[in-house]
Amino acid sequence: MADKRDYYEVLGVDRDADQRTIKRAFLKKARKVHPDVSDDPNAEEKFKELNEAYSVLSDEQKRANYDRFGTADGPMGSGYVDLNDIFGGMGMDDIFSSFFGGGAAGGGHRRQVRRQGRDMAVSLSVTLEEAALGCTKTISYDRLAPCEDCHGTGLAEGAQEQECPRCHGTGFVTTVQRSIFGQVQSSAPCPECDGEGTVIDHPCDMCDGQGRTPSHEKLDVQIPAGISSGRQLRVRGYGEAGYRGAEAGDLIVTVAVEEHPRFHRMGDDLTCEVSISMVQAALGCTIEVEGIMPDEVITFEIPAGTQFGDTVTVDEKGMPRIGGGGSRGRAVAQVRVTVPRKLSQESRELLERYAEANGESFTVAPRKTVGDRIRDAIDDILD
Numbered sequence: 003m004a005d006k007r008d009y010y011e012v013l014g015v016d017r018d019a020d021q022r023t024i025k026r027a028f029l030k031k032a033r034k035v036h037p038d039v040s041d042d043p044n045a046e047e048k049f050k051e052l053n054e055a056y057s058v059l060s061d062e063q064k065r066a067n068y069d070r071f072g073t074a075d076g077p078m079g080s081g082y083v084d085l086n087d088i089f090g091g092m093g094m095d096d097i098f099s100s101f102f103g104g105g106a107a108g109g110g111h112r113r114q115v116r117r118q119g120r121d122m123a124v125s126l127s128v129t130l131e132e133a134a135l136g137c138t139k140t141i142s143y144d145r146l147a148p149c150e151d152c153h154g155t156g157l158a159e160g161a162q163e164q165e166c167p168r169c170h171g172t173g174f175v176t177t178v179q180r181s182i183f184g185q186v187q188s189s190a191p192c193p194e195c196d197g198e199g200t201v202i203d204h205p206c207d208m209c210d211g212q213g214r215t216p217s218h219e220k221l222d223v224q225i226p227a228g229i230s231s232g233r234q235l236r237v238r239g240y241g242e243a244g245y246r247g248a249e250a251g252d253l254i255v256t257v258a259v260e261e262h263p264r265f266h267r268m269g270d271d272l273t274c275e276v277s278i279s280m281v282q283a284a285l286g287c288t289i290e291v292e293g294i295m296p297d298e299v300i301t302f303e304i305p306a307g308t309q310f311g312d313t314v315t316v317d318e319k320g321m322p323r324i325g326g327g328g329s330r331g332r333a334v335a336q337v338r339v340t341v342p343r344k345l346s347q348e349s350r351e352l353l354e355r356y357a358e359a360n361g362e363s364f365t366v367a368p369r370k371t372v373g374d375r376i377r378d379a380i381d382d383i384l385d
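Numbering (my numbering), first residue to last: 3 to 385.
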């Protein structure tokens, strides 16, 4: 498939098709070409083409770009970022494998169904400013979602669940085999109803009786102020949808806070470096630094006699403490004392006068070795 076909042609829908029509067309074709169910040697490539078309046409922004510019990214090639690519979650191919694992409602060969939906995990990056303020992030991911047509029941309009004619509602079938030890009896989940005990006379066309369908989802996630890297947020009910209305799994969002150009986070404290001159270090000074909050200024009072590497702290100017009732950590400044590489004649004369007033010499004696100190000690004893 060297040349990409028109996405509408791939799905077999008109250019003015609504989202439900697009989804229905995608599911209908995916059931035929997915590698899990198709014997076509080109099934994998066909499904990739189908999934690409659906991922564009099922998203309003991507579709608008495609209709206008012929590409989902728009004229600049980067007008939209699908966050699903960077979250590391399950892709649509994995979602479909789970979907086919549910089997078909009408009977035939089925794999055992897991009724309760699985938890899903994604990763989300935020800036330090977003972590400090708290924010809402919109994420995009793929999951098995409740079927829109049957509202998760798996039933077509007017359909009913009936007792399975094979297992008579028990969910299990018993077989008896002859062996050298006599008759051996075994019990296994009923292949007709997959252990449910009931079958659907008319399953939903959209979900094939499962009550859930593969879907591209968008979700707003609330990031609390003060969150730190590695913290996990659990969004109830937004993982994999359950089978025929069973309980859905949760979406677990792991947050990563990006590095900041000025601040380094240590717990709830924020550390930064400030540079002062040797005169400011000797006499003391005031340094103002832009804080992490909007329009915030942190004032560090540098005491006289501050040395290189000393730290100065200001309370309640660090990161908010989660559950701390509005309290914050500290802002910590590590002092860097700078020495001028070049001096004017006037500055040099002033420093020389300062050195003379304090009895400082411009010649520094070499440091004595251990041997020198031993010899000096012996000479003192002999004297």
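Ideal Cβ positions, reconstructed from N, Cα and C, are used throughout, including at glycine.
Starting from residue i, trace the alpha helix (DSSP H) in both directions and tell me its first and last residue.
i, result
"Y386", "Residue 386 lies beyond the range of the chain shown here (3 to 385); nothing can be said about it."
"M295", "From DSSP, M295 is part of no alpha helix (DSSP H); its letter is neither H nor E."
"F364", "Where F364 is concerned, there is no enclosing alpha helix (DSSP H), given that its DSSP letter is neither H nor E."
"R33", "21-35"
"Y133", "Residue identity check: residue 133 is Ala in the sequence provided, not Tyr. Note, A133: alpha helix (DSSP H), 130-135."
"L235", "Careful: L235 lies outside any alpha helix (DSSP H), inside the beta strand (DSSP E) at 234-237."
"V255", "No alpha helix (DSSP H) holds V255; the beta strand (DSSP E) holding it covers 253-259."
"L157", "L157 -> no alpha helix (DSSP H), and no H or E assigned at all."
"F310", "First-last for F310: undefined, no H or E at that position."
"E47", "45-59"
"F71", "62-71"
"A379", "372-384"
Could you check if residue i is buried or exposed, using at least 16 other CB atoms within 10 Å of its CB as the buried criterion?
i, result
"F49", "buried"
"P322", "buried"
"S142", "buried"
"T371", "exposed"
"E264", "The sequence shown places Arg at residue 264, not Glu. Flag for R264 reads exposed."
"V299", "exposed"
"V291", "buried"
"S181", "exposed"
"Q282", "buried"
"H170", "exposed"
"I380", "exposed"
"M208", "buried"
"Y56", "buried"
"I383", "exposed"
So who's on the other strand from residue i, going by DSSP bridges?
i, result
"D144", "H218"
"K319", "In the DSSP output, where bridge partners are listed per residue, K319 has none listed."
"F174", "P191"
"M268", "D271"
"K6", "In the DSSP output, where bridge partners are listed per residue, K6 has none listed."
"V12", "DSSP lists no partner for V12."
"I278", "V339"
Give me the Cβ distance between residue i and residue j, rounded to the nearest whole Å; I'm assuming they're in contact under 8 Å.
i, j, result
"D394", "G232", "What the structure shows of the chain is the stretch from 3 to 385, and residue 394 is not part of that stretch, so it cannot be assessed."
"S127", "A258", "5 Å"
"T200", "L146", "Contact doesn't hold; Cβ gap of about 21 Å is too wide."
"T138", "D222", "5 Å"
"I289", "I304", "6 Å"
"Y154", "G213", "Per the sequence shown, the amino acid found at residue 154 is Gly instead of Tyr. Right, their Cβ atoms sit about 4 Å apart."
"L52", "K30", "Incorrect: roughly 10 Å between the Cβ atoms, too far for contact."
Quick one: what's got a C-beta closer than 6 Å to residue i's C-beta in the same chain, skipping five residues either side?
i, result
"Q118", "G244, A248, E249"
"H36", "F49, F98"
"T313", "V334, Q336"
"I229", "A133, V257"
"E150", "none"
"Y10", "R17"
"H262", "L130"
"Y68", "V58, A74"
"R332", "D271, T315, D317, G320"
"R246", "G156, G213"
Which residues in the same chain have their Cβ closer than 7 Å to the Cβ of residue i, if we skip the five residues on either side of it in sequence?
i, result
"I202", "A107, G156, L157, A161, E163, G211"
"S279", "T340"
"C206", "C149, D151, C152, G156, L157, A158"
Go to residue i, then tell me how far its beta strand (DSSP E) extends in each direction, as first and last residue.
i, result
"R338", "333-340"
"I202", "200-202"
"Q164", "163-165"
For a test of your reading of the model: does the CB of residue i fall under 7 Å from any non-hydrogen atom of the ligand HEM? Yes or no.
i, result
"V35", "By its list of ligands, the structure shown contains no ligand whatsoever, and the ligand HEM lies outside what it can speak to."
Output needed for residue i: all residues of its chain with C-beta closer than 8 Å, excluding positions within five of it in sequence on either side, in chain order.
i, result
"F174", "S189, A190, P191, C192, G197"
"A27", "L13, G14, V15, A19"
"S329", "E318, P322, R323"
"D38", "F98, S99, F102"
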